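Under the working numbering, the letters of the sequence shown match residues 3 to 647, in that order. Ideal placement from N, C-alpha and C gives every residue a C-beta, glycine not left out. Predicted, not measured: the structure shown is a model, and the values here were computed from it. Presented below is the structure to which this report refers.
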Amino acid sequence: MIGTLDGKIPSGPLDQKWRTHRDHSRLVSPNNRRKFEIIVVGTGLAGGSAAATLGELGYRVKCFCYQDSPRRAHSIAAQGGINAAKNYQNDGDSVYRLFYDTIKGGDFRSREGNVYRLAEVSNLIIDQCVEQGVPFAREYGGLLANRSFGGAQVSRTFYARGQTGQQLLLGCYQALCRQISAGTVQMFPQTEMLDVVLVDGHAKGIITRSLTSGKIERHSGDAVVLATGGYGNVFYLSTNARGCNVTATYRAYKKGALFANPCFTQIHPTCIPQSGYYQSKLTLMSESLRNDGRVWVPKRKEDCKKPPNEIPEPDRDYYLERKYPSYGNLAPRDIASRAAKEVCDEGRGVGPGGRGVYLDFADAIKRLSENTIRERYGNLFEIYHKITGENAYQVPMRIYPAVHYTMGGLWVDYNLMSNVPGLHVIGEANFSDHGANRLGASALMQGLADGYFILPYTLPNYLAGQTGKRPSIDHPEFKKVEDDVSARVKKILDVNGKRSLDSIHRELGALLWDKCGMARNAAGLREALGKIPELQEEFWSRGRGVRVPGNGEDFNQALERAGRVADFLEFAELMCLDALERDESCGGHFREEHQTPDGEALRNDENYAAVFAWEYQGNPAMAGPKLHREPLHFETVHLTQRSYK
Ligand SMILES: Cc1cc2nc3c(=O)[nH]c(=O)nc-3n(C[C@H](O)[C@H](O)[C@H](O)COP(=O)(O)OP(=O)(O)OC[C@H]3O[C@@H](n4cnc5c(N)ncnc54)[C@H](O)[C@@H]3O)c2cc1C
């Protein structure tokens, strides 16, 4: 039974909270650390940094990922950059400003205490990564360079060309390898966590399946850390790596961990438009491009079919610059995405199907030279060319919004611990500090803040009271959960149906995109809630449902994916329920019923300034998930209608 949700935000002035908390947190002495085994699931920037740091501190860490190497985690795809309040540009930035921009960017749906801590810690991340040798871009004189990202009027984004995630992950991976070699971290690649084991209500282990041999195994630990990333692929098409999924967090939810704000999805405005039905992935064109690219569509529908260079200046509508003069092309993602949808809905979209807008570099090339643009974004132009066959130095890119990031995730308190004692959640997998909309370049910041600088201080708070409590894997609870996992694998294979996984997943994705995507309304959400159980039945019906060839004792990617799609099918219901229950618009959650006269999201602070956290109650057909609310208290910022005009 879950009582009041307590975020455990320390009292005292905002800028003292984290220091005070650290000063009064419990410690584990150096000699005792090796007595604790910590399970870390995930090796992206969040999990990799946590595992390396905990290993360095002297804990024994078991680290898991489903890729063949930790450095293939999805974090490697991050392009644009990472924020920090260094104020190297001397343009007025500060910890407070980064904090404020993040709270406002998230449409006032995140915790002040957490976000301030994130802004404070941001500067340490840059120092740490520079020490590791991460090759951040530099100015001519050798100082670290910065660029701007959406929702900020300063340049605070550190970057390594368009490969920031890759370079950060390589730094993190080196730190991890050092610990693997030192023997403090034991690495389990190609191993998928399929459930969490609770003993006396505490998370004390996991059940895994080897993706190469199919072997199911038990692992016990003193604490479990989930760093398993986001679930944007529930929509089938997204900018996420194909493997990203919800399984780890969803199965923890079914074990009692609360799932917070599942409907908060980020739709990124600058992605290459979908070009065909059988496409399985969408490609991001980094937000950094909006530093120099100008977004426009023709003013008149009749011009949409003309080549862009035949449309003269006066006939172009630079709609972001027109609507949001102070932020212009760097309006935040939710706002820029909706603006793109709006002009396309008006019939002014360009490219096949009219679902595209131009991102034009002609002015920047004239002003700065093609070479400068190539230096800044060369690899992104190359990706664009490879996919579309078009040379964006000569013709504008075509872009359209796509699912990109999930602000929802498992609920955690200030210590990054879920409501299940011992179960900690970091990075994109937790419900995060980004509220209802994440600002660009803030996910890498949050993942690394959690892993390098927050969890290593807060985990001992839990561990200090756990000496000698690690159960043996012979504990009956391990056997029970292992049996459940094996039974589920068998159940999937037994369906022996006819439909391909992709066809079911694609259908689910299209339904969600339509009813729970960039715009939502009560009728559409109810319709989706009616259809999702039908799709679940379709998936599971024996002889007719999903077809998974092969067996469970071997490398079987269809089986891996089937388990994940089955979880998406259940999780999608929770998303729609959350979106229906939150009867307001905020950030990326745009309920069509609630908008200002000029079409912006209209919050309802009186009733919805809260985190929604859902508790699993068993079979949803018998008893739906139970909603808990954590009210958000704003002591420093004043809640206003978010404006970027
Ligand atoms: C194309 C793209 C570009 C981006 N660019 C930027 C950017 O420029 N700046 C920015 O701030 N953010 C960016 N983001 C967002 C950012 O990359 C992610 O939010 C962040 O990298 C997530 O890191 P993570 O460590 O939480 O998870 P991930 O990097 O997704 O890692 C998840 C890990 O968990 C493991 N895992 C998952 N489930 C299981 C399981 N069941 N069992 C075992 N292991 C499991 C995986 O193997 C992996 O190791 C971008 C996102 C995309 C899609």
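Separation of residue j from residue i, as counted between CA atoms
| i | j | result |
| --- | --- | --- |
| lysine 88 | leucine 531 | 46 Å |
| alanine 162 | arginine 378 | 9 Å |
| glycine 429 | serine 371 | 38 Å |
| asparagine 558 | tyrosine 402 | 34 Å |
| asparagine 247 | valine 43 | 13 Å |
| phenylalanine 383 | leucine 126 | 32 Å |
| aspartate 485 | glutamate 479 | 10 Å |
| aspartate 17 | arginine 119 | 8 Å |
| lysine 500 | alanine 564 | 13 Å |
| lysine 106 | serine 502 | 43 Å |
| methionine 447 | serine 543 | 44 Å |
| isoleucine 367 | asparagine 393 | 13 Å |
| alanine 445 | alanine 48 | 10 Å |
| leucine 495 | serine 328 | 56 Å |
| glutamate 219 | glutamate 632 | 36 Å |
| alanine 259 | cysteine 67 | 21 Å |
| glutamate 595 | valine 136 | 46 Å |
| glycine 234 | phenylalanine 261 | 15 Å |
| aspartate 197 | tyrosine 61 | 23 Å |
| proline 354 | cysteine 346 | 12 Å |
| proline 551 | asparagine 498 | 8 Å |
| aspartate 556 | glycine 295 | 48 Å |
| alanine 154 | phenylalanine 237 | 29 Å |
| glycine 590 | serine 157 | 24 Å |
| histidine 270 | methionine 287 | 9 Å |
| alanine 184 | threonine 193 | 22 Å |
| histidine 26 | tyrosine 459 | 11 Å |
Beta-bridge pairing of residue i - partner residues as DSSP gives them
| i | result |
| --- | --- |
| glutamate 407 | The residue asked about is misnamed: residue 407 is tyrosine in this sequence, not glutamate. DSSP output for tyrosine 407 lists Gln268 as bridge partner(s). |
| tyrosine 360 | Trp298 and Arg400 |
| isoleucine 84 | Phe160 |
| cysteine 588 | His591 |
| lysine 628 | Glu617 |
| aspartate 197 | Ile209 |
| leucine 291 | According to DSSP, leucine 291 bridges with nothing at all. |
| histidine 436 | BP columns for histidine 436 are empty, so no partner. |
| cysteine 65 | Val42 and Met189 |
| phenylalanine 261 | Leu412 and Trp616 |
| aspartate 70 | Partner(s): none; aspartate 70 has no beta bridge. |
Whole-angstrom C-beta distance between residue j and residue i, which should lie under 8 Å
| i | j | result |
| --- | --- | --- |
| histidine 477 | valine 227 | Going by Cβ atoms, the distance from histidine 477 to valine 227 rounds to 20 Å, so no, they are not a contact pair. |
| glycine 410 | phenylalanine 266 | 5 Å |
| leucine 178 | glycine 50 | 5 Å |
| alanine 225 | leucine 461 | 6 Å |
| isoleucine 209 | valine 483 | 5 Å |
| leucine 322 | alanine 341 | 6 Å |
| tyrosine 343 | aspartate 319 | Just to set this straight, residue 343 is lysine in the shown sequence, not tyrosine. With a Cβ gap of about 15 Å, lysine 343 and aspartate 319 do not count as contacting. |
| methionine 520 | phenylalanine 592 | 7 Å |
| asparagine 432 | leucine 412 | 6 Å |
| glutamate 289 | phenylalanine 151 | 6 Å |
| isoleucine 11 | tyrosine 416 | 5 Å |
| glycine 626 | leucine 579 | 7 Å |
| serine 240 | histidine 406 | 7 Å |
| leucine 629 | tryptophan 616 | 6 Å |
| glutamate 509 | lysine 517 | So it is not a contact: roughly 12 Å between Cβ atoms. |
| arginine 149 | asparagine 463 | Their Cβ separation, rounded to whole angstroms, is 37 Å, which puts arginine 149 and asparagine 463 out of contact at 8 Å. |
| arginine 292 | asparagine 331 | 5 Å |
| serine 112 | alanine 86 | So it is not a contact: roughly 18 Å between Cβ atoms. |
Buried or exposed (CB count within 10 angstroms, at least 16 for buried), residue i
| i | result |
| --- | --- |
| glycine 349 | exposed |
| aspartate 435 | buried |
| threonine 159 | buried |
| methionine 624 | exposed |
| arginine 24 | exposed |
| proline 316 | exposed |
| phenylalanine 636 | exposed |
| aspartate 365 | exposed |
| glutamate 1 | Nothing in the structure corresponds to residue 1, since the chain is present only between 3 and 647. |
| isoleucine 389 | exposed |
| serine 420 | buried |
| proline 334 | buried |
| asparagine 116 | buried |
| threonine 251 | buried |
Short CB-CB distance (under 7 Å) between residue i and chain C
| i | result |
| --- | --- |
| asparagine 417 | Among the protein chains of the structure shown there is no chain C, as only one such chain exists. |
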